[in-house]
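First the structure, in the form of structure tokens, and then the observations on it.
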Amino acid sequence: MAMKKLITLILLCVCSTGAFSQISRAIKRMYFDKDTTRKSSFVILPVLSSAPETGLEVGGAGLLSFYTDTSKLNTRVSNVFGYASLTTKGQSRVSLTSSYWTPGNKYHLTAGVSYINFPFNFYGIGNNTLRINSDRIGQKRFRVHFIGEKKITNNLYAGITAGAWDYSFRDDDRTGIFYTDPRVEYRGGGPSAYIGPTIVFDNRNNNTYTTKGLVVNAYFQAIHGMFGNNDYKGGFFNIEYSQFFLLAPKWVLGFDIQEQSLTGSSSPFYLLPDIGSDELMRGYYNGRFRDRNMIAGQAELRYRLSKRIGFAGFVGGGEVFKSSFSTSELKPNYGGGIRYFFDVEKGLAVRVDYGVGQKVPNEKRLTGFYIGLGQSF
């Protein structure tokens, strides 16, 4: 019996050594491969977090990047991105998106499908919501979207955007701001579909790690409720301008400005533009401030220490408002981070940022920590 146990232990060690060796080789290929050819690459990131409302959240994200034509050096990087996580309290998030550039960049196709069953903090509506009013809301959302754009000239694309979603919300506390604030419309959510035009001007030298050029992206979504339980009719307008300057061989300065507006006579709270994400207004909880209009901007200075390592510092500001923009209401943000380029040839990186926001009276200063794939803009 002792001999059998010893043999079993040896076999386990051998198998484990082989498995760890394979894992080690896979990690090396994903994060440390020095190959500079235009072949496809794949990287994964683990997801691990904990909160009282969700318990332990575990999952992962994966990015597959590739060229549709390796012979044409101007063809941009295409990718497929997937994300999935589960919590010990039954919540889940699943997302699959793709950005596809045809050979020579003649067409650009973007598509995605996502489902979330995850709570969020609702603070009310406006540019000056308070933490004390935070209301924990249960949320379920299914969404699909598609964008198809065709090159009109060398740098100009035009196309259509279309999609649909279905929201549902639950709040067991009827005394919270979610139910007591009369400005909150369409608390029950519901299904909607949209379609509209999109136009893009893009002369960037690279779509993953841009060092010079600019991109202007604008679209309008005409939205209509579906299936009789959502009578909303309105629209959503978005325009974003980004420009990059190569200051020195290792230094790049980027500027980014975005404006969003919800149109129509009604204002479903879940469609209101908001500030705070891992890309814009870093340091603010996503959805903490929301209203009919949003405008925000940022500047980011990027330093490429080596082929693998980069650093960035950023500063910006923004606000949400119902009808009138006021410079006195602008909220600041600043911060910095580090980038690890796991695919040097394609300019793909893992990004880690720490953002700092405003100090609301009687509250801790707003901050945020972010880990993501790709640049912020």
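According to mature numbering (1 follows the signal peptide of the UniProt record, and there is no 0), the stretch in the sequence shown is residues -21 to -1, 1 to 356, in order. Even for Gly, the Cβ is constructed at its ideal location relative to N, Cα and C. Computed from a predicted structure; not experimentally measured.
Across the set S285, K129, S355, L259, the C-alpha of K129 shows the shortest separation from the C-alpha of P176. Judged by their CB atoms, L42 and S19 are not nearer to each other than the 8 angstroms cut-off. Counting only runs of 3+ residues, the beta strand (DSSP E) found wholly inside the stretch 185 to 214 occupies 192 to 204, in chain order. When DSSP states are grouped into helix, strand and coil, E298 belongs to the strand group. Counted as a single uninterrupted DSSP element, the beta strand (DSSP E) harbouring F148 occupies residues 135 to 149.
The residue among S28, N84, S78, L27 with its C-alpha nearest the C-alpha of T49 is N84. Counting along the chain, the unbroken beta strand (DSSP E) around F121 starts and ends at 114 to 130. Excluding sequence positions up to five before and after L225, its CB lies within less than 7 angstroms of the CB of T190, K191, V231, all in the same chain and listed in chain order. Residue state for S303 is assigned as coil, using DSSP reduced to three classes. Of the candidates Y211, R283, R330, the residue whose Cα lies closest to the Cα of F356 is R330.
Between the stretch 108 to 115 and the stretch 138 to 146, the count of Cβ pairs shorter than 8 angstroms is below three; the stretches do not touch. Taken atom to atom, the span from the alpha-carbon of S74 to that of Y94 is near 6 angstroms. Assigned with DSSP and collapsed to three states, N96 falls in strand. Of the residues E308, G347, Q200, the one whose Cα lies closest to the Cα of L241 is Q200.
I156: member of the alpha helix (DSSP H) spanning 156 to 159, first to last residue.
By DSSP's assignment, Q70 forms no beta bridge with any residue. Under DSSP, P340 shares a beta bridge with no residue. In the DSSP assignment, no residue is bridged to Y165.
The beta-bridge partner set that DSSP reports for D270 is empty.
In this structure, DSSP gives R281 an extended state, which the three-state scheme calls strand. If you compare the alpha carbons of S71, P228, D257, G39 with that of P98, the shortest gap goes to S71. One thing to note: N312 has its Cβ within 8 angstroms of the Cβ of R261. Counting only the Cα atoms, S147 lies some 16 angstroms from L251. Here I111 carries a helix assignment [DSSP, helix/strand/coil].
Inclusion of D181 and V194 in the CB contact set at 8 angstroms is warranted, their separation being smaller than that value. With respect to the C-alpha of R183, the residue from D322, F223, G289, E219 having the closest C-alpha is F223. Assignment of F320 by DSSP, reduced to helix, strand and coil, places it in the strand class.
Our two residues, V294 and R287, have alpha carbons roughly 24 angstroms apart in a direct line.
Here G38 is not near T67, since their CB atoms are 8 angstroms or more apart.
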